[in-house]
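Novice: Provided herewith is a single structure, encoded as structure tokens, for subsequent inquiry.
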Amino acid sequence: MATAHAPSSFLLGAIRSARSRYGGVLRRPGALGFFLPAALARLGVAMTGLGLLFSVQHASGSFAVAGAATGSFAVAEAAVGPQVARLVDRWGQSVTVPAVTVVHVVAVIAAVLLAGSAPVAVTLAAVVLAGAAMPQPGALSAARWAGLLAEPTALRVAFSLEATVNDAVFLVGPVLATLASSLLAPWAGSAAAAMLVAVGCGVVSLQRHTAPRPHRPRASHTREPSHVLAVPGFRWTLGVNLGLGCFFGAVPLLVTAVAAARGMQPLIGVVLALSSAASIVAGLAYGALRTSPRPQVVQLVASIVLAVAVLIGAAWPTLAGLMVMLLVGGTAIAPLVASSSQIVQATVPAAALTQGFTWINSASAAGIALGAALTGALVAHSGVGAAAIGVSGLVLIAVASAVVAARR
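Here's what the structure looks like:
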């Protein structure tokens with residue numbers, strides 16, 4: 233009888249431990265004041281790309297223009313985001329975030345209104361401005377956690393929570409954007425996304441007592457900290473996130489190609505959701521650990537799991553095989569993201585923390601573009617199995633980077 237109750241007792245104990253740990257960090261003074269609105273803004277970020285796609289396509293009548301718009305938005309966000317983050321570190325969140333948010337919202341409105349009536353170049357210029365001025369609520373929230381919490385264990389819990397929220401919003405956000413644009417109006421997805429970003433970032437910027445202190449040079453002879461990319465431990469974390477981004481970019485194309493070939497298109501969304509579901513569970517479990525493994529070791533193990541997952545897809549290029557790939561690979565995502573934040577907090581100077589967290593996002597975005605481009609070309613010319621093999625090569629970037637980081 234005692235043996236029969238052992239698994240349930242263990243599970244209940246694990247749940248209580250997780251509730252205690254997550255509740256502990258959320259009860260810190262001021263934590264909910266920035267965490268909840270940042271999560272709201274993240275939901276808006278997750279809706280923005282698809283919202284723009286629907287808005288621009290309906291107004292212009294061209295999928296080519298819509299694709300160019302969403303691609304331009306993503307490139308601008310990835311390229312300019314770290315530079316905006318540098319301004320945030322220098323002048324503070326309370327000063328820069330409201331200004332950047334206003335520019336973003338106005339640019340989104342302009343892009344939606346101009347699409348179809350103005351020259352394509354003008355629409356794309358508005359979209360580029362919207363991407364360049366996209367606030368990074370995840371980086372803003374992570375920087376506040378780094379200042380609020382001093383204990384490594386508490387930081388691991390907080391960053392695991394951040395990674396879990398990121399999975400949740402990118403699971404729900406595209407669905408909400410699709411429903412709003414389909415059921416209300418083509419521009420409704422963009423409008424809802426802009427509103428969520430504006431409200432969430434606006435509330436975050438008002439929480440001055442948890443805001444990181446601005447780091448401005450006080451005199452002309454004062455030098456800023458060395459560029460964040462010059463930090464050795466941080467550089468390898470960028471490589472890990474580049475490899476993770478390659479996985480993100482490849483997965484939708486692999487699943488879509490297999491499902492379409494077998495007439496199972498309605499299952500695409502459900503299959504893709506498997507990785508997010510697995511990641512959410514893994515993220516919560518990582519934060520609830522009673523031990524505190526080195527984040528570099530966590531990255532190494534998770535990177536290997538990710539590579540093994542892609543190899544499963546290469547060896548078993550069917551819908552069932554890809555589902556296994558997503559479930560296995562999903563368990564690596566949140567621990568990779570959370571451990572990356574831990575490494576940023578531990579290695580990057582306080583004067584450049586927001587930049588560090590934003591560079592992580594940019595590395596992942598670059599990987600998404602690389603993974604999508606390679607996968608699309610390989611699927612078209614060589615099939616899904618060959619594409620998965622090619623992606624496994626890209627994911628090895630993460631493994632190699634994690635190996636170097638773990639040995640330092």
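Position 241 of the sequence shown, counted from 1, bears residue number 473 in this note's numbering, the numbering being contiguous throughout. Beta carbons are placed, not taken as given, at the ideal position from N, Cα and C, and that holds for glycine. Keep in mind the model is a prediction, meaning the values are calculated, not measured.
1. Output yes or no for whether 7 Å exceeds the beta carbon distance between residue 475 and residue 629.
2. So, helix, strand or coil for residue 571, using DSSP?
3. Please state whether DSSP places residue 457 in a helix, a strand or coil.
4. Go through its chain and collect everything with a Cβ distance to residue 634's Cβ below 6 Å, but skip five positions before and after it.
5. Smallest Cα separation from residue 369: which of 349, 383, 394?
6. Return the chain-ordered ranges of every beta strand (DSSP E) run that is complete within the segment 234–322 and spans a minimum of 3 residues.
7. For residue 452, name the three-state secondary structure that DSSP assigns.
8. Cβ of residue 409 within 7 Å of Cβ of residue 282?
9. Which term fits residue 497, buried or exposed, when burial requires 16 or more other beta carbons within 10 angstroms of its beta carbon?
10. Taking 6 Å as the limit between beta carbons, can you name the residues of its chain near residue 247, skipping five residues before and five after?
11. Does DSSP put residue 327 in a helix, in a strand, or in coil?
12. Going by the beta-carbon positions, is the gap between residue 316 and residue 332 smaller than 7 Å?
13. How would you call residue 459, buried or exposed, if buried means at least 16 neighbouring beta carbons within 10 angstroms?
14. Considering only their Cβ atoms, is the gap separating residue 554 from residue 510 smaller than 7 Å?
15. Under a Cβ-count criterion, where at least 16 other Cβ atoms within 10 Å of its own Cβ denotes burial, should residue 376 be classed as buried or exposed?
16. Which of the three DSSP states, helix, strand or coil, is assigned to residue 427?
17. Which residue from 469, 463, 470, 404 puts its Cα closest to that of residue 502?
18. Would you be able to state if there are at least three C-beta pairs under 8 Å between the segment 298–314 and the segment 343–361?
19. In angstroms, rounded to a whole number, what distance separates the CA positions of residue 455 and residue 447?
20. Looking only at its chain, what residues have a beta carbon closer than 8 Å to the beta carbon of residue 640, apart from the 5 residues adjacent to it on each side?
21. Mind pulling the alpha helix (DSSP H) runs of 4 or more residues that sit fully within the segment 460–525?
22. Can you check whether the CB of residue 262 is closer than 7 Å to the CB of residue 550?
23. Provide the residue span of the alpha helix (DSSP H) that contains residue 377, from first to last.
24. Determine the closest residue to residue 489 out of 611, 284, 363, 623, with distance taken between C-alpha atoms.
25. To the nearest angstrom, how far is it from the Cα of residue 411 to the Cα of residue 279?
26. So that I know if they touch, is there some Cβ in chain B lying closer than 7 Å to that of residue 582?
27. If you drop the 5 nearest sequence neighbours on each side, which residues of the same chain put their C-beta closer than 7 Å to that of residue 507?
28. Measure the C-alpha to C-alpha separation of residue 434 and residue 604 and round it to an integer number of angstroms.
29. Please report the straight-line C-alpha distance between residue 328 and residue 432, rounded to a whole angstrom.
30. In whole angstroms, what is the alpha-carbon distance linking residue 249 and residue 570?
31. Do you know offhand how far residue 516's Cα is from residue 310's?
32. Around the C-beta of residue 390, are 16 or more other C-beta atoms found within 10 angstroms, so that it is buried, or is it exposed?
33. Check the C-beta distance from residue 567 over to residue 514 and give it rounded, since I have them as a contact under 8 Å.
34. In chain order, what residues of the same chain have a beta carbon less than 6 Å from the beta carbon of residue 312, not counting five sequence neighbours either side?
35. Looking at the structure shown, is residue 383 part of a helix, part of a strand, or coil, going by DSSP?
36. Just list the alpha helix (DSSP H) runs in the segment 394–449, keeping only unbroken ones of 4 residues or longer that don't cross its boundaries, in chain order.
Specialist: Put simply:
1. As a first step, residue 475 is located in the sequence shown; it is residue number 243 there, counting from the start. As a first step, residue 629 is located in the sequence shown; it is residue number 397 there, counting from the start. A contact, by the Cβ cut-off of 7 Å.
2. As a position in the sequence shown, residue 571 is number 339, starting the count at 1. In this structure, residue 571 counts as helix in the three-state DSSP scheme.
3. Locating residue 457 in the sequence shown gives position 225, where the first residue counts as 1. Model confidence at residue 457 stands at a pLDDT of 48, short of 50, so the residue's coordinates are unreliable; what they give is reported in the following sentence. Note: residue 457 maps to coil in three-state DSSP.
4. Counting from 1 along the sequence shown, the entry for residue 634 is found at position 402. Around residue 634: 472, 531, 532, 535.
5. Your numbering for residue 369 matches position 137 in the sequence shown. Ranking 349, 383, 394 by Cα distance to residue 369 puts 394 first.
6. none
7. In the sequence shown, counting from the first residue as 1, residue 452 sits at position 220. At residue 452, the pLDDT of 47 sits below 50, so the modelled position is not reliable and the matter cannot be decided from this model.
8. Here residue 409 corresponds to residue number 177 of the sequence shown, with the count starting at 1. Here residue 282 corresponds to residue number 50 of the sequence shown, with the count starting at 1. In contact: residue 409 and residue 282 (Cβ atoms closer than 7 Å).
9. As a working mapping, residue 497 is identified with position 265 in the sequence shown. Exposed.
10. Residue 247 sits at position 15 when you count from the first residue of the sequence shown. Closer than 6 Å at the Cβ level, and outside the excluded window around residue 247, lies no residue.
11. As a working note, residue 327 is residue 95 in the sequence shown. Residue 327 falls in the helix class under three-state DSSP.
12. Against the sequence shown, residue 316 aligns to sequence position 84. Against the sequence shown, residue 332 aligns to sequence position 100. In this structure, residue 332 lies closer than 7 Å to residue 316 by Cβ.
13. Stepping through the sequence shown from its first residue, residue 459 is reached at position 227. Label assigned to residue 459: exposed.
14. Numbered from its first residue, the sequence shown carries residue 510 at position 278. Numbered from its first residue, the sequence shown carries residue 554 at position 322. Contact: no.
15. Here residue 376 corresponds to residue number 144 of the sequence shown, with the count starting at 1. Under this definition residue 376 is a buried residue.
16. Locating residue 427 in the sequence shown gives position 195, counting from the first residue. Correct three-state label for residue 427: helix.
17. Translated into the one-based positions of the sequence shown, residue 502 becomes position 270. Ranking the options by Cα distance to residue 502, first place goes to 404.
18. yes
19. Stepping through the sequence shown from its first residue, residue 455 is reached at position 223. Stepping through the sequence shown from its first residue, residue 447 is reached at position 215. Residue placement at residue 455 is flagged as unreliable, the pLDDT there being 49, under the threshold of 50; a coordinate-derived value is accordingly withheld.
20. Walking along the sequence shown from the start, residue 640 turns up at place 408. In chain order, 464, 465, 468, 528 place their CB closer than 8 Å to the CB of residue 640, counting only its own chain and leaving out the 5 sequence neighbours on each side.
21. 464–493, 500–520
22. Taking the first residue of the sequence shown as 1, we reach residue 550 at position 318. Taking the first residue of the sequence shown as 1, we reach residue 262 at position 30. Cβ atoms of residue 550 and residue 262: not closer than 7 Å.
23. Locating residue 377 in the sequence shown gives position 145, counting from the first residue. 369–380 is the span of the alpha helix (DSSP H), which, as asked, contains residue 377.
24. Along the sequence shown, one-based indexing puts residue 489 at 257. Measuring from the Cα of residue 489, the nearest candidate turns out to be 611.
25. Reading the sequence shown from its first residue, position 179 is the one you call residue 411. Reading the sequence shown from its first residue, position 47 is the one you call residue 279. Looking at the two C-alpha atoms, the distance is approximately 11 Å.
26. Any reference to chain B falls outside this structure, which holds one protein chain only.
27. Walking along the sequence shown from the start, residue 507 turns up at place 275. Closer than 7 Å at Cβ, skipping near neighbours: 483, 558, 561, 562, 565.
28. Here residue 434 refers to the residue found at position 202 of the sequence shown. Here residue 604 refers to the residue found at position 372 of the sequence shown. Taking the Cα positions, residue 434 is about 33 Å away from residue 604.
29. The sequence position of residue 328 within the sequence shown is 96, counting from 1. The sequence position of residue 432 within the sequence shown is 200, counting from 1. Near 14 Å, if we compare the C-alpha coordinates of residue 432 and residue 328.
30. Mapped onto the sequence shown, residue 249 falls at position 17. Mapped onto the sequence shown, residue 570 falls at position 338. If I take the Cα positions, the gap works out to 19 Å.
31. In the sequence shown, the residue the question calls residue 516 occupies position 284. In the sequence shown, the residue the question calls residue 310 occupies position 78. Answer to the nearest angstrom: the Cα atoms are 27 Å apart.
32. On the sequence shown, position 158 is the one that residue 390 refers to. Per the 10 Å Cβ criterion, buried.
33. Position 335 of the sequence shown holds residue 567. Position 282 of the sequence shown holds residue 514. Yes, they are in contact, since the Cβ atoms of residue 567 and residue 514 sit about 6 Å apart, within 8 Å.
34. Along the sequence shown, read from residue 1 onward, the residue named residue 312 stands at position 80. Excluding positions up to five away in sequence, the list reads 364.
35. Position 151 of the sequence shown, counted from the first residue, corresponds to residue 383. The answer is coil: DSSP assigns residue 383 none of H, G, I, E or B.
36. 420–438
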